[in-house]
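In my numbering, the protein residues as written are 31 to 489.
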């Protein structure tokens, strides 16, 4: 805080403020509201001290109202302290009684500066809440996903149990990790358990462990996932598939924070944060008796419903870029883009497998690709936009002029490049010279249309 404005009919208040604060602050004076706002508009103040009769007008002035950092201090007489206290409750940063004393000024400045420091720290933490490596994940253009990330931001620092709801492949596991890595337990283990992949006869042993001799084949004591996750987070995916007896044990963990190994009698402490997920309708399972009602209410404290990929298609480009970046780090082939017909096809595809399907299909295409662009031949036909053409004898008005022109240009360019490379056996220098362009321009066009010069070389 550097600039302070004193709005007061008592010039002596200003002179005392100037005397006390001039070495560290710029202090200016305004005898009336008009002068004060003119000064503030010209160069905004960090703090405005205003007498009570003018305070409301100062607060409602657009140049003050829209600046969240300006602090308002009430100047009041000895008989108006109640009004000053009321003003503080309504948002003022503090008050001074007139005539002002030096010690009051210094106390007020110290208090206000501490408050400002806290505000800036909170703003910093709010703006820097997300860890750098997750910034790409939380970027979204979809309104529902934006609300979901805000919910995750709110719940992550707590120990509340979270229930993630959504179709298979919508990213429930990724969001569970996002919650863990932004929690107070981020330095401790994150243990993920796919409950649906574990046989019913082994689910209790897998989650809670077993003692030696608990069942046939139990030759030694085995710790369960809850012990392995101690101090951290356990993620129970497809929670709706666990057996009735496992449900009882999980309910005990949620109610008492304790459990026992299979075949054991001693109680163990479960120091874990629990995140569950399902693609099933748990409410319906409660009705038909396959899922305990009391357990359902215990895990349903903070539900988050995740949309399908086709319902957040505007995020497709960002997700594709993220997966390509991961693939480049994994395989180091330097592929950073998709052929235009693949991009068009992706936008029209229904994505029944959601984000997981997108990730898998991109990895397959990446492995098969021989150029620097993911080309149509490496994707299923239903994921590729069929080549459009413009027939001059047909109904050319079915598309806009700009779109029809673009289709015609792309169709011609690709056909021309195919013929050019065929004629010169994929020789870039000769082909570029024949086309009247540079080799760099030709290479860029080949990347755009997913053409590989090697396919045109003579064997």
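Backbone N, C-alpha and C define an ideal beta-carbon position, used for all residues, glycine too.
None of these values were measured; they are calculated from a predicted model.
On the CB-based measure, 16 or more other CB atoms within 10 Å of its CB, does residue 80 come out buried or exposed? buried
**Asked** How big is the Cα-Cα spacing for residue 36 and residue 215?
**Response** 48 Å
Residue range of the beta strand (DSSP E) that includes residue 70: Taken as a continuous stretch (DSSP letters only), residue 70 belongs to no beta strand (DSSP E), being part of the alpha helix (DSSP H) at 63-72.
Below 8 Å on the Cβ atoms is my contact criterion, and I expect residue 302 with residue 267 to pass it. Report the Cβ-Cβ distance as a whole number of Å. With 8 Å as the limit, residue 302 and residue 267 do not qualify as a contact, their Cβ atoms being about 15 Å apart.
### Query
What does residue 221 pair with, by DSSP beta-bridge criteria?
264
According to DSSP, is residue 128 part of a helix, a strand, or is it coil? strand
Worksheet item: Which residue from 82, 179, 363, 174 puts its Cα closest to that of residue 165?
Response: 179
Proximal residues to residue 423 (C-beta, below 7 Å), its chain only, five neighbours per side dropped:
Because the pLDDT at residue 423 is just 45, under 50, the model does not fix this residue reliably, and the value given afterwards should be weighed accordingly. Cβ neighbours of residue 423 beyond the five flanking positions: none.
_For the beta strand (DSSP E) containing residue 300, name the first residue and the last one._
No beta strand (DSSP E) contains residue 300, which DSSP labels as neither H nor E.
Can you confirm whether the region 393-409 touches the region 473-485 when touching is taken to mean that 3 or more C-beta pairs between the two stretches lie within less than 8 Å? yes
**Asked** If you check the beta carbons only, do residue 281 and residue 237 fall under 8 Å apart?
**Response** no
Exposure label - residue 425; buried when at least 16 CB within 10 Å | The predicted model places residue 425 with a pLDDT of 45, which falls under 50 and marks its position as unreliable; any figure quoted below should be read in that light. When all chains shown are included, residue 425 counts as exposed.
Among all the DSSP beta bridges, which residues are the ones paired with residue 440? Residue 440 pairs with nothing; no bridge assigned.
Nearest neighbour of residue 342, chosen from 291, 469, 287, 384 [CA to CA]
384
field: Buried versus exposed, by CB contacts within 10 Å (16 or more), residue 253
entry: exposed
Is the beta carbon of residue 159 closer than 8 Å to that of residue 174? no
**Prompt:** For the beta strand (DSSP E) that contains residue 101, what are its first and last residues?
**Reply:** 101-107
### Query
residue 306 and residue 329: beta carbons closer than 8 Å?
yes
Let's see if you can read the secondary structure: which residues bound the alpha helix (DSSP H) around residue 44?
41-51
Exposure label - residue 38; buried when at least 16 CB within 10 Å = buried
### Message
Among 100, 125, 102, 101, whose alpha-carbon lies nearest the alpha-carbon of residue 112?
### Response
125
I need the straight-line Cα distance from residue 243 to residue 187, nearest angstrom please. 40 Å
Residue 199 and residue 314 look like a contact to me (Cβ under 8 Å); what is the Cβ gap, rounded to whole Å? That pair is no contact at about 21 Å.
**Asked** With distances taken from CA atoms, which of 454, 472, 463, 102 is nearest residue 443?
**Response** 472
query = Of all the options 449, 462, 463, 189, which has the alpha carbon lying nearest to the alpha carbon of residue 485?
reply = 449
| message | Give me, in chain order, the residues of the same chain whose beta-carbon lies closer than 6 Å to that of residue 50; leave out the 5 immediate sequence neighbours on both sides. | response | 132, 135
Alpha carbon to alpha carbon, how far is residue 70 from residue 376? Give it in angstroms, no decimals.
53 Å
On the DSSP bridge assignment, give the partners of residue 36 in chain order. 59, 79
For a test of the three-state rule: what should DSSP assign to residue 307, helix, strand or coil?
strand
query: Starting from residue 111 and walking both ways along the alpha helix (DSSP H), at which residues does that stretch end?
result: 111-119
- Query: Can you tell me whether DSSP reads residue 414 as helix, strand or coil?
  - Reply: coil
Practice task
Tell whether a beta-carbon distance below 8 Å holds between residue 110 and residue 82.
Solution key: yes
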